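Undergrad: Take a look at this one; I'll ask things after.
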Amino acid sequence: MLHSVRAAVALLPLLSCALPAHARAPEEPPVGDVAADSDKDEIVVLGTRRAGQDRTLSSDAATQIMSQSSRSVERDLLTAAGAYRLSDALELVSGISNQNNRGGVMDNFAIRGFLGTPDGGAEYYVDGFLANRGMGPPRDPATTERVELLKGPAGALFGDIDPAGRVNIVSKTPGFTPAAYATFTYGSFGTRRVEVDATGPISATLAGRIVVAAEDSDGWRDFVQMERQVVAPSLTWRPSDAVRLTYIGEITRFDTLFDRGIPAIRGDANAVRRSAYLGEPNDGLTHFRNQRHQLTGLFDLGNDWSINGGVVWRSGTLKGLSSDQSRLVGDRTLWRQRRSRDFAVDDWSARVELAGRIGSHRPSVGMKGYVLDYAERWMRRNPGHPATGGNPYAIDVFDPVYGQTPPVLLPFTNNREQRWAGTLYAQDLWEATDRLTLGGGVRFDAYRQRILNRNTGGIGRTVDQPFNFRLEAKYQATDAIAVHANWGENFVLNSGTDRFAQGFAPETGKGYEVGIAGRWPGIDVAATWFDIRKSGILTNDPVDSNFLAPVGNLRSRGIEFDGSVKIGPHWQIVGNYAWTHARVDDSAFPTDHALNVPDHNGTLFALGRFLDDGGRGVSVSAGLSYVGDRAGSIERDYVVLPAYVKAKAAVEYALSPRLTLRAEADNLFDERYAQSSYSRVWIFPGQPRIVRLSVRVAS
5 MLHSVRAAVA LLPLLSCALP AHARAPEEPP VGDVAADSDK DEIVVLGTRR AGQDRTLSSD
65 AATQIMSQSS RSVERDLLTA AGAYRLSDAL ELVSGISNQN NRGGVMDNFA IRGFLGTPDG
125 GAEYYVDGFL ANRGMGPPRD PATTERVELL KGPAGALFGD IDPAGRVNIV SKTPGFTPAA
185 YATFTYGSFG TRRVEVDATG PISATLAGRI VVAAEDSDGW RDFVQMERQV VAPSLTWRPS
245 DAVRLTYIGE ITRFDTLFDR GIPAIRGDAN AVRRSAYLGE PNDGLTHFRN QRHQLTGLFD
305 LGNDWSINGG VVWRSGTLKG LSSDQSRLVG DRTLWRQRRS RDFAVDDWSA RVELAGRIGS
365 HRPSVGMKGY VLDYAERWMR RNPGHPATGG NPYAIDVFDP VYGQTPPVLL PFTNNREQRW
425 AGTLYAQDLW EATDRLTLGG GVRFDAYRQR ILNRNTGGIG RTVDQPFNFR LEAKYQATDA
485 IAVHANWGEN FVLNSGTDRF AQGFAPETGK GYEVGIAGRW PGIDVAATWF DIRKSGILTN
545 DPVDSNFLAP VGNLRSRGIE FDGSVKIGPH WQIVGNYAWT HARVDDSAFP TDHALNVPDH
605 NGTLFALGRF LDDGGRGVSV SAGLSYVGDR AGSIERDYVV LPAYVKAKAA VEYALSPRLT
665 LRAEADNLFD ERYAQSSYSR VWIFPGQPRI VRLSVRVAS
C-alpha cells in the first residue's frame, strides 16, 4: 500500500539525523576483491565480504575450511544480480531448482534434487537458526548481508548434517562506522519499493542498525497484487575485544492474493495465458505475519578457545481464503475448490558451542534444542459433479468470469503439532599433515513429536533418539589445487498427516561427495560429484493431490561445476552448471523423475565496474540462466515443464559516492516458461519481462 511506502520514506531524514554528519555509504569494492580475515575464509566468497562480520551467525571453522563445493554470495553481488527474491540469489550457485511456492506465500527450492515438503517448503536457516520450521514468509532482500549455500555433508551448520546441503541467510548487523542510505525503486506492473538502511555507533561499545523496507505491486498476474513491509532493528554490544552480543529483530507483513497458477492443457504447461488468474478476486488477500527476535553472543576465552551461542523466538500466522483448481474437464473447464487457511507457529530455539584448538586439532562440542507449537486449520469444500447434486464451482480457463457464489466451507484438517527436540554434537578437524586435513562429527538427537487431530481427537506420537555421523577429508595436492571427500547421514522430522489422517515417519538420508577445487589469483573453480539417497521424503499424493505422501526412496547423483573468474581490474564472471539425476524408486508414482528437478541447469553472470578514484562511473551486468525439462506433476496425467533460457541485464551509474542511478531488466527477452508446479492443474508460470528503475541516496 502507498501509505507503507510513504512511511518508509519519512524515516530517512530521521535516520540520517540520528547519525554523525560524516556518515557515509558502505563501500563496495569490485566483486572478487576479497581479503580473507582469517583462515576460516576458505569457503569461496562470491562478492566482497565486509570486514568485522559477526561470526556467530555463520558456519564454523571446520565447515568453512572443508566445504570446497560451498559458496557464499555477498551483499554487493546480490545487489548487482538484482536479487529481489531468494531464488534470484540461489541462481548464482549450482544444484538449485525452484519448487512449488504455495500460492505465492513461501520460498521453496531443492538442493541437489532433494525438496522440502510441497506445503512447508525446503528448510533454510537465518543466522544459524532454522527460520521456516512449520512455515515462514518469503524473504525480503533488505535484511540480508549474504546467502551461504553450504554443500554436502561437510556443509554442517552448528551440528546439523544434510548430505545435500543447507542454505543459511546471514542478516545485516550494526557497524561502528556510521553509514546510511535509501533506495527508491519503481518498476513494471506498478511496483514501488523503498529501502532504508542506517547504522552507526550509539556509544563507544554499543552500535545500532535499522533496516526498513516497503514494497507494493499491482502484480503481473491478473488481480494478484502484493504488499510487503519489513522492519529489522539490531544492536551490537562490544564491552571488550573478548565479548560480543548481538540482538536482531525482524517484523514482516506479507499480503497477496493466493494464487495457484494455471493448468496444463493436453500436457502443455504454457497453453493458458500466463497472466490468467483462475481463483476468485473476492476471496481477498492472504495475510502472512511473522516476527523474529534473536540474541547471539561470542565469548573469547583465550588460547584459541571461545563460546558461541544464542537464542531465538519466532512466531507467525497465515490466514486467508482461496478458490483453488481441483480438476480440468475437457480442455477449458476448470473445477475449483474453496479453502480457508488459519495457521499459527510459535518456535523457540537455542544453541551453545565450545570450540578451540589443541595442537593440530580443532575440536568443538555443542548442544541445541527447540520447542515448536504449530497449528494448522483448514476449511474446505471440493464440490462434485452436478449430476450428483454438487456444484463444480467451475471457471473457463480461456474466458474467466468471476463473482460466483462460493460453496459453504466444511471442516477439513485441524491439527496441532508440538515438538520437543534436543541435540548434542561433537566434531573435530585434524590437520594431520601440512597437506592432509581430516574431520568428523557425531550428532545425537532426542526428540518427541505429538500431532493432535482436533477433528477426530486422535493423537499421533513419534519418539526416537538417533545418532548421525559425518566424515570428511581434504588433501592439498599443490598450493592451488585441493581434492576432498565427504560422507554423512541425517534425519528430518516431517509435519502434517496423510489422507488417512496419519502422521509421517522422519526423512532419513545418506550420501557422499568427492571433488576437486583450484584457486589462483582471481580464479576459483570447483567440480564435485555427489551421490545421495533419502527415504521418507514427502510429496503430493499421486492418488489425491490434496494430501501428502512419502516417496519410497529418492536417489540423486550428479556433478556440479562452479567458477568465479576476475578478468583484469574491471570484470568478474560467475558461472555454474549442474547435472542432477534425481530419481524415485516408488511404483506408486507414474514417473520416476523428482518433481521440478531438471537434469541440466546452469547460470552465467558477468559484472563490470568502471569507477574512478572518487567512486564515480558506470557498472554493467548481465546474466543467462538455463533450466532443462522437469517433471511438472507426479499424478497419473504426467506433465513435463519445458526447458527455458532466461536473461537479465542492468546498468548502474554512480554520479557520486552519494548518488547512484540504476536500470535493470529481468527476463530481458520476455521468455515464456513454467517456473514450477505442484500438480498438472497448479503450474506457476514464470514472470514476464520486468523493468526497474532505482535511485540510491547515501547520507
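Just add 4 to wherever you are in the sequence shown, counting from 1, and you've got this note's numbering.
All C-beta atoms, glycine included, are put in the ideal place defined by N, C-alpha and C.
Because the structure is a prediction, the values reported are computed rather than measured.
1. Take E476 and list the residues in its own chain whose beta-carbon comes closer than 6 Å to its own, dropping the five residues that flank it on each side.
2. Note down, in chain order, each residue of its chain lying with its Cβ closer than 6 Å to the Cβ of S629, except the 5 sequence neighbours on either side.
3. Alpha carbon to alpha carbon, how far is L332 from V699? Give it in angstroms, no decimals.
4. Rank N494, N105, N312 by C-alpha distance to the C-alpha of G125 and give the top, closest one.
5. Return the first residue and the last residue of the beta strand (DSSP E) that T83 is part of.
6. Quick check on P145: does DSSP put it in helix, strand or coil?
7. Taking just the CA atoms, how far does D144 sit from L82?
8. Output the residue ranges of the beta strand (DSSP E) runs that lie fully inside the stretch 525-578 and measure 3 residues or longer, sorted by chain position.
9. How would you write the range of the alpha helix (DSSP H) that M110 sits in, first residue to last?
10. In whole angstroms, give me the CA-to-CA distance for Q408 and D328.
11. Within the continuous beta strand (DSSP E) that includes I455, where are the two ends?
12. Does the beta-carbon of V412 have 16 or more other beta-carbons within 10 angstroms, so that it is buried, or is it exposed?
13. In this structure, does DSSP put L23 in helix, strand or coil?
14. Using a 10 Å radius around the Cβ and a threshold of 16 neighbouring Cβ atoms, would you call H365 buried or exposed?
15. Let's test the definition: count the other Cβ atoms within 10 Å of the Cβ of V588 and tell me whether it reaches 16, buried, or not, exposed.
16. Answer yes or no: do A168 and G515 have a C-beta to C-beta separation smaller than 8 Å?
17. Based on Cα-Cα distance, which residue from R693, R264, G313 lies nearest to P285?
18. Nearest-angstrom Cα distance between R89 and D670?
19. Give the secondary structure of R116 by DSSP, where H, G and I count as helix, E and B as strand, and everything else as coil.
20. Have a look at L552 and K176 and give me their C-alpha separation to the nearest angstrom.
21. Name the DSSP bridge partner or partners of G515?
22. What are the boundary residues of the alpha helix (DSSP H) that A93 is part of?
23. Relative to the alpha-carbon of D432, which residue among T501, L358, D350 has its alpha-carbon at the smallest distance?
24. Can you confirm whether the stretch 298-308 touches the stretch 257-275 when touching is taken to mean that 3 or more C-beta pairs between the two stretches lie within less than 8 Å?
25. In the DSSP assignment, what residue or residues form a beta bridge with Y429?
26. List the endpoints of the continuous beta strand (DSSP E) containing M230.
27. Given a cut-off of 8 Å on the beta-carbon distance, is the pair P410 and P396 in contact?
28. Express the C-alpha separation of S330 and Q341 in angstroms, rounding to a whole number.
29. Between the beta-carbon of G140 and the beta-carbon of M110, is there less than 8 Å?
30. Can you check which of these residues, A379, F113, A93, is closest to R150 by C-alpha distance?
31. Helix, strand or coil: which one does DSSP assign to L61?
32. With distances taken between CB atoms, is the gap from L239 to G204 smaller than 8 Å?
33. Cβ atoms of A280 and T321: under 8 Å apart, would you say?
34. On the three-pair Cβ rule with 8 Å, is the stretch 244-255 touching the stretch 655-663?
35. Report yes if the CB atom of W221 is closer than 8 Å to the CB atom of G179, and no otherwise.
36. Tell me where the beta strand (DSSP E) around H597 begins and ends.
TA: Straight from the coordinates:
1. Taking the sequence shown and counting its residues from 1, the one referred to as residue 476 is at position 472. Correct list, in chain order: M70, A158, G443, N490.
2. Counted from its first residue, the sequence shown places residue 629 at position 625. Only E95, T607, K650 meet the Cβ criterion.
3. Your numbering for residue 699 matches position 695 in the sequence shown. Your numbering for residue 332 matches position 328 in the sequence shown. Straight-line Cα distance between these residues: approximately 46 Å.
4. Here residue 125 corresponds to residue number 121 of the sequence shown, with the count starting at 1. Ranking N494, N105, N312 by Cα distance to G125 puts N105 first.
5. On the sequence shown, position 79 is the one that residue 83 refers to. Looking at the DSSP string, T83 is not in any beta strand (DSSP E); the run it does join, the alpha helix (DSSP H), is 79-84.
6. Translated into the one-based positions of the sequence shown, residue 145 becomes position 141. Here P145 sits in helix by DSSP.
7. The sequence position of residue 82 within the sequence shown is 78, counting from 1. The sequence position of residue 144 within the sequence shown is 140, counting from 1. Distance from the CA of L82 to the CA of D144, rounded to the nearest whole angstrom, comes to 12 Å.
8. 527-539, 542-544, 552-554, 557-571
9. Walking along the sequence shown from the start, residue 110 turns up at place 106. Element bounds for M110: n/a, residue is neither H nor E.
10. On the sequence shown, residue 408 is found 404 positions in, with the first residue counted as 1. On the sequence shown, residue 328 is found 324 positions in, with the first residue counted as 1. Taking the straight line from one Cα to the other gives about 14 Å.
11. In the sequence shown, residue 455 corresponds to position 451, counting from 1. Counting along the chain, the beta strand (DSSP E) containing I455 begins and ends at 440-457.
12. In the sequence shown, the residue the question calls residue 412 occupies position 408. So V412 ends up on the exposed side.
13. As a working note, residue 23 is residue 19 in the sequence shown. Caution applies to L23, whose pLDDT of 39 falls short of 50 and renders its modelled position unreliable; the model cannot decide the point.
14. Reading the sequence shown from its first residue, position 361 is the one you call residue 365. That one is exposed.
15. Here residue 588 corresponds to residue number 584 of the sequence shown, with the count starting at 1. Answer is buried; the Cβ neighbour count reaches 16.
16. The count along the sequence shown starts at 1 and reaches residue 168 at position 164. The count along the sequence shown starts at 1 and reaches residue 515 at position 511. Between A168 and G515, the CB-CB gap stays under 8 Å.
17. Locating residue 285 in the sequence shown gives position 281, counting from the first residue. Minimum Cα distance to P285 is reached at R264.
18. As a working note, residue 89 is residue 85 in the sequence shown. As a working note, residue 670 is residue 666 in the sequence shown. Spanning the two alpha carbons is a distance of roughly 12 Å.
19. One-based indexing of the sequence shown puts residue 116 at position 112. Of the three classes helix, strand and coil, the one that applies to R116 here is coil, per DSSP.
20. As a working mapping, residue 552 is identified with position 548 in the sequence shown. As a working mapping, residue 176 is identified with position 172 in the sequence shown. One C-alpha to the other measures close to 36 Å.
21. Taking the sequence shown and counting its residues from 1, one reaches residue 515 at position 511. In DSSP, G515 forms a bridge with G492, I536.
22. Numbered from 1 along the sequence shown, position 89 holds the residue referred to as residue 93. 90-94 is the extent of the alpha helix (DSSP H) around A93.
23. Along the sequence shown, read from residue 1 onward, the residue named residue 432 stands at position 428. The shortest C-alpha to C-alpha distance from D432 to any of T501, L358, D350 is the one to L358.
24. Segments in contact, no.
25. In the sequence shown, counting from the first residue as 1, residue 429 sits at position 425. DSSP, once it has assigned bridges, lists G370, R447 as partnering Y429.
26. In the sequence shown, residue 230 corresponds to position 226, counting from 1. Note, M230: beta strand (DSSP E), 230-244.
27. Sequence index remark: in the sequence shown, residue 410 carries index 406 (1-based). Sequence index remark: in the sequence shown, residue 396 carries index 392 (1-based). In this structure, P396 does not lie closer than 8 Å to P410 by Cβ.
28. Within the sequence shown, numbered from 1, the residue matching residue 341 stands at position 337. Within the sequence shown, numbered from 1, the residue matching residue 330 stands at position 326. Each residue's alpha carbon lies about 6 Å from the other.
29. On the sequence shown, residue 140 is found 136 positions in, with the first residue counted as 1. On the sequence shown, residue 110 is found 106 positions in, with the first residue counted as 1. Against a cut-off of 8 Å, the Cβ pair of M110 and G140 comes out as a contact.
30. Within the sequence shown, numbered from 1, the residue matching residue 150 stands at position 146. When only C-alpha atoms are compared, the closest one is A93.
31. Numbered from its first residue, the sequence shown carries residue 61 at position 57. If DSSP states are grouped into helix, strand and coil, L61 belongs with the helices.
32. Taking the first residue of the sequence shown as position 1, residue 239 is located at position 235. Taking the first residue of the sequence shown as position 1, residue 204 is located at position 200. No, the Cβ-Cβ distance between L239 and G204 is not below 8 Å.
33. In the sequence shown, counting from the first residue as 1, residue 321 sits at position 317. In the sequence shown, counting from the first residue as 1, residue 280 sits at position 276. With a cutoff of 8 Å on beta-carbon distance, T321 and A280 are scored as not near each other.
34. no
35. Indexing the sequence shown from 1 puts residue 221 at position 217. Indexing the sequence shown from 1 puts residue 179 at position 175. It should be pointed out that residue 221 corresponds to Ser in this sequence rather than to Trp. It is not a contact, given that the beta carbons lie outside the stated cut-off.
36. Along the sequence shown, read from residue 1 onward, the residue named residue 597 stands at position 593. Taken as a continuous stretch (DSSP letters only), H597 belongs to no beta strand (DSSP E), as it is neither H nor E.
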